[in-house]
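Residue numbers (our numbering), protein chains in the order written: chain A, 1 to 241; chain B, 242 to 482.
Heads up, the beta-carbon is just placed ideally off N, CA and C, and yes, glycines get one too.
Note that the coordinates shown come from a computational prediction; the quantities given were computed from them, not determined experimentally.
First the structure, in the form of structure tokens, and then the observations on it.
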DNA sequence: TTTTGACCAAATAACGTTATTCGGTCACAT
DNA sequence: ATGTGACCGAATAACGTTATTTGGTCAAAA
């Protein structure tokens with residue numbers, strides 16, 4: 001169904017290399033030469049796919065966000081207790097842990113994004129995260145899957161703090177004194193569960209439905225932003241001048 | 242009772258200025274000239290009190306840690322619900338928020354500690370924090386003030402993450418989208434409370450007793466470390482050579 | 001059409017040198 | 001005793017210059 005599958009396949013290969021390099025060295029310290037060399041192509045060829053370095057990074061970022069959402073959705077569909085907030089929280093957390101780029105995005109920020117930040121400008125990544133979780137919790141609450149007396153805004157904020165701390169502290173505390181990851185995760189899950197679970201449990205299926213709808217809309221929003229992120233080169237349009 | 246109260250008074254004044262400067266500019270970027278000028282004395286006079294820059298910073302650090310512990314203890318004694326873990330957590334949090342130096346220490350920024358880090362060496366500040374909270378939770382659990390089935394090590398870790406995230410995210414998320422501090426604090430307190438509170442509440446007085454004992458031993462340990470921290474100049478001892 | 005090496009201007013790293021500052025000491029004044 | 005200005009060596013900042021790299025373009029080769 002993809003007319004130029006060869007081209008897109010090549011692009012994916014390049015993006016893989018670029019993602020690894022960006023993750024390791026950050027935006028500023030990763031040169032297009034590095035990317036081209038790692039991908040086994042010439043630097044000029046990169047410009048056939050993305051006309052600016054920003055566009056390349058944007059493509060990596062966009063793809064990672066999309067992959068995260070897709071995986072999240074898949075796991076939730078598969079997981080029997082994916083309909084609860086805590087289960088969802090856990091799945092998101094585990095996926096991030098497995099994706100180095102997303103992990104770096106979450107905890108390091110400034111080094112990974114480097115001077116790409118000014119491109120994102122007012123995009124305000126943490127603000128976005130906060131608002132998204134807020135809205136999400138509110139929807140679950142509306143459906144009776146989250147206790148009615150929960151202050152969703154404050155709770156979203158607290159969960160974000162917890163999330164951030166979990167990711168960040170993991171490389172500040174040596175493994176010897178930190179409990180095993182599974183125990184931490186288990187404990188955090190219990191904490192989240194006790195915090196949001198309503199007195200009588202709601203319908204998990206309803207939860208999954210909300211999450212599906214939510215993930216779908218997230219994907220739509222992402223796709224709508226594709227242009228902004230990737231800024232593809234002139235395909236064959238624009239018979240200008 | 243202090244034979245040289247004038248001297249110690251002067252030292253406190255110097256420490257005040259030094260603390261403010263260290264908090265604002267960090268260890269490396271704060272010069273002894275700045276401190277001396279701010280304190281209205283000559284730089285040489287500083288050496289009458291502390292023989293190295295490290296010693297000056299150590300004195301500031303030590304004093305801040307001590308003040309924190311003392312205040313903590315006082316508030317807990319005064320607060321009617323100071324005997325619960327959540328209440329204690331709240332008090333510690335609020336005190337830290339009010340002490341810029343401690344706040345900077347927690348948020349950590351290598352900027353504050355700068356090259357003083359190598360002096361602390363294996364002191365491992367986060368490790369210490371983790372172990373302390375662990376032990377503390379365990380004691381409360383033993384006294385029945387924390388539910389018996391709580392994984393204290395993992396919980397201590399999670400609380401540390403939460404704490405860190407709360408302090409750190411506060412300047413990453415603009416005030417417009419963040420809920421009011423009181424609401425956040427309230428929500429976090431509920432979360433902590435639900436996490437650790439045993440089915441039937443224990444005796445608050447017992448909790449306060451444990452905390453008092455704990456704070457007392459912390460003060461003792463601190464006092465024992467005073468030499469290491471402050472490294473006072475040669476008083477009149479050492480009739481050597 | 002796709003890929004590439006050569007090319008350009010701007011940004012950045014490297015370098016050596018010069019000033020300045022900084023932590024720390026000491027003889028001297030009070 | 002207590003405080004201070006002058007002083008020292010080492011570290012750091014400032015500076016200008018030179019090399020190198022980097023993002024981006026283009027005409028030519030495959």
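- prompt: With a cut-off of 8 Å, does the C-beta of residue 209 of chain A fall near any C-beta of chain B?
  reply: Residue numbering aside, residue 209 of chain A sits at position 209 when the first chain is read from its first letter. No, its Cβ sits nowhere closer than 8 Å to a Cβ of chain B.
query: Which chain B residues sit within Cβ distance under 7 Å of residue 71 of chain A?
result: Stepping through the first chain from its first residue, residue 71 of chain A is reached at position 71. Going along chain B, no residue has its Cβ under 7 Å from residue 71 of chain A, so there is no contact; the nearest lies around 24 Å.
query: Can you find at least 3 beta carbon pairs, one from the segment 178 to 191 of chain A and one from the segment 42 to 60 of chain A, that sit closer than 8 Å?
result: no
message: Using only CA atoms, which one of B:426, B:444, B:450 lies nearest to residue 153 of chain A?
response: Here residue 153 of chain A refers to the residue found at position 153 when the first chain is read from its first residue. Looking at the Cα atoms, B:426 is the closest of the given residues.
field: Near-chain A residues of the segment 373 to 388 of chain B - C-beta to any C-beta below 7 Å
entry: none
message: Could you tell me which whole alpha helix (DSSP H) segments of length 4 or greater appear in the segment 155 to 197 of chain A?
response: 181 to 196
- request: Kindly confirm or deny that the segment 331 to 339 of chain B and the segment 363 to 379 of chain B touch, where touching means at least three C-beta pairs closer than 8 Å.
  value: no
- prompt: Is it buried or exposed for residue 133 of chain A, if we count other Cβ within 10 angstroms and need 16 for buried?
  reply: On the first chain, residue 133 of chain A is found 133 positions in, with the first residue counted as 1. Buried is the call here.
query: Taking C-alpha atoms, which residue in B:256, B:252, B:268 lies nearest to residue 359 of chain B?
result: Mapped onto the second chain, residue 359 of chain B falls at position 118. The candidate whose alpha carbon is nearest that of residue 359 of chain B is B:268.
query: Taking just the CA atoms, how far does residue 447 of chain B sit from residue 214 of chain A?
result: Reading the first chain from its first residue, position 214 is the one you call residue 214 of chain A. Reading the second chain from its first residue, position 206 is the one you call residue 447 of chain B. Roughly 48 Å separates the two Cα atoms.
Chain A contact residues for residue 196 of chain B, given Cβ-Cβ distances below 9 Å: The structure shown does not extend to residue 196 of chain B, since chain B is modelled only from 242 through 482, so no value can be given for it.
message: Looking only at its chain, what residues have a beta carbon closer than 7 Å to the beta carbon of residue 401 of chain B, apart from the 5 residues adjacent to it on each side?
response: The count along the second chain starts at 1 and reaches residue 401 of chain B at position 160. Excluding residues within five positions, the ones whose Cβ falls inside 7 Å are 370, 371, 374.
task: Can you give me, in chain order, the residues of the segment 154 to 170 of chain A that have a beta carbon less than 8 Å from any beta carbon in chain B?
output: 154, 155, 157, 158, 160, 161, 162, 163, 164, 165, 166, 168, 169
message: Applying the 10 Å Cβ sphere with the 16-neighbour rule, what's the burial state of residue 220 of chain A?
response: The residue labelled residue 220 of chain A in the question sits at position 220 within the first chain. Classification of residue 220 of chain A: exposed, given that the 10 Å Cβ count is below 16.
Per-residue DSSP class, three states only, for residue 292 of chain B: Sequence index remark: in the second chain, residue 292 of chain B carries index 51 (1-based). Three-state result, residue 292 of chain B: coil.
query: Smallest Cα separation from residue 330 of chain B: which of B:409, B:276, B:399, B:413?
result: By one-based count along the second chain, residue 330 of chain B stands at place 89. Nearest C-alpha to residue 330 of chain B: B:399.
query: Is residue 391 of chain B near residue 437 of chain B, with beta carbons less than 8 Å apart?
result: Taking the second chain and counting its residues from 1, the one referred to as residue 391 of chain B is at position 150. Taking the second chain and counting its residues from 1, the one referred to as residue 437 of chain B is at position 196. Closer than 8 Å, so yes.
- prompt: Between residue 440 of chain B and chain A, is there a C-beta pair that is closer than 8 Å?
  reply: Within the second chain, numbered from 1, the residue matching residue 440 of chain B stands at position 199. Chain A contact via Cβ: absent.
task: Below 7 Å between beta carbons is the criterion; list the residues of the segment 277 to 303 of chain B that meet it against any residue of chain A, in chain order.
output: none
message: So residue 130 of chain A contacts chain B; which residues on that side make the cut at Cβ distance below 8 Å?
response: The sequence position of residue 130 of chain A within the first chain is 130, counting from 1. Neighbours of residue 130 of chain A on chain B, chain order: 414, 418, 419.
Proximity test, Cβ basis, 8 Å: residue 464 of chain B and chain A: The sequence position of residue 464 of chain B within the second chain is 223, counting from 1. No, no contact with chain A.
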